[in-house]
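Note sheet for the following structure.
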Amino acid sequence: GGLFEGSIDRLIRREDGSWLVVDYKSSVTDENYEHYRWQVEMYMAVVAERARINGEENPKVEGLLVDLFEAAGHPVAVDSGQAVVQLHQEIGALRANYTLSEEDLTLGSRGILPGEHCSHCPYAASCEVGKDFCYDLIK
1237 GGLFEGSIDR LIRREDGSWL VVDYKSSVTD ENYEHYRWQV EMYMAVVAER ARINGEENPK
1297 VEGLLVDLFE AAGHPVAVDS GQAVVQLHQE IGALRANYTL SEEDLTLGSR GILPGEHCSH
1357 CPYAASCEVG KDFCYDLIK
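Everything in the sequence shown is counted per the numbering used here, starting at 1237 for the first residue and increasing by one.
Structural data, given as structure tokens:
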């Protein structure tokens, strides 16, 4: 299989056996809504696939995108079976378009430069560029 990395903010198993995937965002705008909706759909696909692997015949999975700034919820409606198909298509597209060599993966080879964004990046502690930049900020 392919690898997507992410974490579901909240996964609720309801009394009726259905699942609710909740993803909290600091702000949902017109510019980022589609990306966040897609992210919730992918989480829903993973939950549905995992439920099937664990013996559930037709798992019901719903999604909710929560905008913390506006204190609003945006239901994400997608057929979980279709979301699984889309997930596998995305993985296939990644595999087909993966062209990086080992040299491309060396630090700085892809133009990654430190900057203010490093202090907000969740990976800064494990990234040499981000770690050095954030360390310099607190000196």
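Heads up, the beta-carbon is just placed ideally off N, CA and C, and yes, glycines get one too.
Original post:
Hey, would you say Val1276 sits closer than 8 angstroms to Val1297, going by beta carbons?
Top reply: As a working note, residue 1276 is residue 40 in the sequence shown. As a working note, residue 1297 is residue 61 in the sequence shown. No, they are not a contact pair.
Subject >> Boundaries (first-last residue) of the alpha helix (DSSP H) holding Glu1277 >> reply: Taking the sequence shown and counting its residues from 1, one reaches residue 1277 at position 41. Where Glu1277 is concerned, the enclosing alpha helix (DSSP H) stretches over 1269-1289.
Subject >> Exposure of Glu1187, with buried meaning 16 or more beta-carbon neighbours within 10 Å >> reply: The structure shown does not extend to residue 1187, since the chain is modelled only from 1237 through 1375, so no value can be given for it.
**OP:** Measure the CB-CB distance between Leu1301 and Val1312 and report whether it falls below 8 angstroms.
**Re:** Counting from one through the sequence shown, the residue named residue 1301 turns up at place 65. Counting from one through the sequence shown, the residue named residue 1312 turns up at place 76. Yes; because the gap between Cβ atoms is below 8 angstroms, this pair is in contact.
Subject >> Same chain, Cβ closer than 6 angstroms to Gly1309, five either side skipped, listed in chain order >> reply: For this step, residue 1309 is matched to residue 73 along the sequence shown. Leu1300, Val1302, listed in sequence order.
Subject >> Alpha carbon of Asp1259 to alpha carbon of Tyr1272, nearest angstrom >> reply: Within the sequence shown, the letter at position 23 stands for residue 1259. Within the sequence shown, the letter at position 36 stands for residue 1272. Near 9 angstroms, if we compare the C-alpha coordinates of Tyr1272 and Asp1259.
**OP:** Decide if Ala1287 is buried, meaning its Cβ has at least 16 other Cβ atoms within 10 Å, or exposed.
**Re:** As a position in the sequence shown, residue 1287 is number 51, starting the count at 1. Within a 10 Å sphere around the beta-carbon of Ala1287 sit 16 or more other beta-carbons, which makes this residue buried.
**OP:** Over the uninterrupted beta strand (DSSP E) stretch that includes Ser1300, give me the two end residues.
**Re:** Taking the first residue of the sequence shown as position 1, residue 1300 is located at position 64. Per the sequence shown, residue 1300 should be read as Leu rather than Ser. Counting along the chain, the beta strand (DSSP E) containing Leu1300 begins and ends at 1297-1303.
**OP:** Under 8 angstroms by Cβ, that's how I've got Met1280 and Ala1319 pegged, so tell me the actual separation to the nearest angstrom.
**Re:** Position 44 of the sequence shown, counted from the first residue, corresponds to residue 1280. Position 83 of the sequence shown, counted from the first residue, corresponds to residue 1319. Yes, they are in contact, since the Cβ atoms of Met1280 and Ala1319 sit about 5 angstroms apart, within 8 angstroms.
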